[in-house]
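Reviewing the structure listed below.
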Ligand code: ATP
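Residue numbers (our numbering): 2 to 235.
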């Protein structure tokens, strides 16, 4: 088991955002966390990395209890988060944004480098000297994902990777996920099923801070009632 959330409760002040979330990911899986606006998807990812620590319950990564670890320590264990707002350094170039994100875990051989990213992603190579603040939403999303690779994640958490992007860009992000799936375990969030069904093997559906369903993509594809009950129609 790579990741295990057991009965996780997270609060914003008095507001009880996650109300007993339990999810599990095996190494090599690509899993989607589905749910409408406000269901608790972002909070789940933020709780895993320690940005909004669980007040009750536990988060384990590779058998280690990370529930109370600060975000930088969780990152160093090999968990990469691409947040919804993508957090670029707008005044740095694409290359510089990649360089500042470099982190290699002691004792491991790095798989990624700025040069390899430019080799594999032509679109980013062409933007090497452009300031991140001048990129389009889709270009920024590509950069955000590429930047997370610079810390050599074993587990990649992507918060609504296709949000607000034009369909042609969504396809490119999808292609990027397909490629990353080969080497990395991925948990991503989404509000509607199409992208999830295409790229994830399994899904958890969240509603009001609780997991209301754990399903394979195949089952979800065939169950329109489930889709309509819990998800945005898009
Ligand atoms: P979205 O698509 O809007 O990101 P989500 O499923 O990711 O939806 P969360 O952002 O995790 O949902 O929000 C879960 C609940 O926690 C919601 O009720 C939301 O209003 C609340 N919440 C989120 N962030 C905060 C915050 N910073 N302060 C207070 N409440 C928050």
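Yeah, the Cβ is synthetic: ideal placement off N, Cα and C, and Gly gets one too.
Across the set 60, 128, 202, 22, the C-alpha of 202 shows the shortest separation from the C-alpha of residue 186. Look at the beta carbons and you see the segment 173 to 192 not touching the segment 91 to 111: under three pairs across the two are nearer than 8 Å. Distances from the alpha-carbon of residue 8 to those of 48, 114, 105, 31 put 48 closest.
In this structure, residue 54 and residue 160 do not form a Cβ contact; the two beta carbons are roughly 17 Å apart against a cut-off of 8 Å. Runs of the alpha helix (DSSP H) spanning 4 or more residues and lying entirely within the segment 150 to 191 occur at 168 to 182, in chain order. Per DSSP, reduced to three states, the secondary structure at residue 204 is strand. One alpha carbon belongs to residue 232, the other to residue 26, and they sit about 22 Å apart. Shown here for residue 184: same chain residues with a beta carbon closer than 8 Å to its own, the five before and five after excluded, namely 112 in chain order. Contact between the segment 138 to 151 and the segment 88 to 100 is present: three or more C-beta pairs spanning the two stretches fall below 8 Å. Collapsing the DSSP output to three states places residue 232 in coil. Here the segment 194 to 211 makes contact with the segment 38 to 45; the two share three or more CB pairs at distances below 8 Å.
Distance between residue 79 and residue 227, taken at the CA atoms: about 34 Å.
Around the Cβ of residue 122, a 10 Å sphere holds 16 or more other Cβ atoms; the residue is buried. In the structure shown, the three-state DSSP call for residue 6 is strand.
Taking the Cβ of residue 20 as the reference point, every heavy atom of ligand 1 lies at 7 Å or farther away. Only buried fits residue 205, as 16 or more other CB atoms lie within 10 angstroms of its CB. Within the same chain, 82, 158, 160, 190 come within 7 Å of residue 46 by CB-CB distance, once the 5 residues on both sides are set aside.
For residue 90, no alpha helix (DSSP H) run applies, since DSSP gives it neither H nor E.
In this structure, DSSP gives residue 18 an extended state, which the three-state scheme calls strand. Remark: the shortest separation between the CB of residue 44 and any heavy atom of ligand 1 falls under 7 Å.
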